[in-house]
Amino acid sequence: MISNKQADEYYMQQAIEMARKAPDFPFGAVIVRRTTGEIIAKGVNRSSENPIFHGEIDAINSCAAVNPSIDWSEFDLYTTAEPCPMCQSAIEWAGISTIYYGTSIPYLQSLGWWQIGIRAEEVSRRTPFRQSTVIAGILELECNALFEAAGTGSTRLK
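The C-terminal residue of the sequence shown carries number 1075 in this note's numbering, and the numbering is unbroken.
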């Protein structure tokens, strides 16, 4: 039997693999059914196609396309970076229970990435109808390395 830490690292590694394949920036996400451990959907940042196509949004859209009437509370989401306020709001609207991320918004900002300075936990805390659990730092160093190595695209500060 694998530990929760091993499972969390496995799923984050899947998000990292998605991020490495991302056409735009290294934001990758996977949605996991908690009861079975099955990866239900994957997503990457495709913001060059549409500014709201972040990795988390892509994964949620992919999941909804094949599972239109589901209980989202049975799912967890793993993402290479802390969800921005838009993505965390979508996660709250969907009803995903737990979010795991690697790189924090403040770290992305320190590297020059454009980020709105509202943390995922704050968005969750301010959602009156539902609150997800946000867990930071899963494979943080590996995720940080993705963003450190990324180019200076249009979503970075000049």
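Cβ atoms here follow ideal geometry from the backbone N, Cα and C, with glycine treated the same way.
Ignore the nearest five residues each way along the sequence and tell me which others in Arg1159's own chain have a CB closer than 7 Å to its CB.
No information on residue 1159 is available, as it lies outside the stretch 918 to 1075 that the chain covers here.
Can you check DSSP and say which residues form a bridge with Arg950?
Phe992
Would you tell me roughly how many angstroms separate the C-alpha atoms of Arg951 and Tyr995, rounded to the nearest one?
12 Å
Check the Cβ-Cβ distances between Thr953 and every residue of chain C, and say whether any is below 8 Å.
Considering every chain present, this structure includes no chain C. It has just one protein chain.
State the start and end residues of the unbroken alpha helix (DSSP H) segment that holds Ile974.
972-983
Taking only runs of the alpha helix (DSSP H) that begin and end inside the stretch 991-1060, which ones reach a length of at least 4 residues, in chain order?
1002-1011, 1022-1027, 1037-1042
Nearest to Glu1059 (by Cα), restricted to the options Phe944, Ile933, Tyr927:
Ile933
Let's see if you can read the secondary structure: which residues bound the alpha helix (DSSP H) around Ile895?
With the chain covering only 918 through 1075, there is no way to say anything about residue 895.
Residue environment, Ala1066, which counts as buried when at least 16 other CB atoms sit within 10 Å:
exposed
Excluding five sequence neighbours on each side, which residues of the same chain lie with their C-beta closer than 7 Å to the C-beta of Ser979?
Ala958, Lys959, Gly960
Ala939 by DSSP, collapsed to three states: which one?
coil
Who pairs with Ala1067 in a beta bridge, going by DSSP?
Per DSSP, none; premise fails for Ala1067.
State the DSSP-derived secondary structure class of Ile933, mapped to helix, strand or coil.
helix
Coarse secondary structure for Gln923, derived from DSSP in three states
helix
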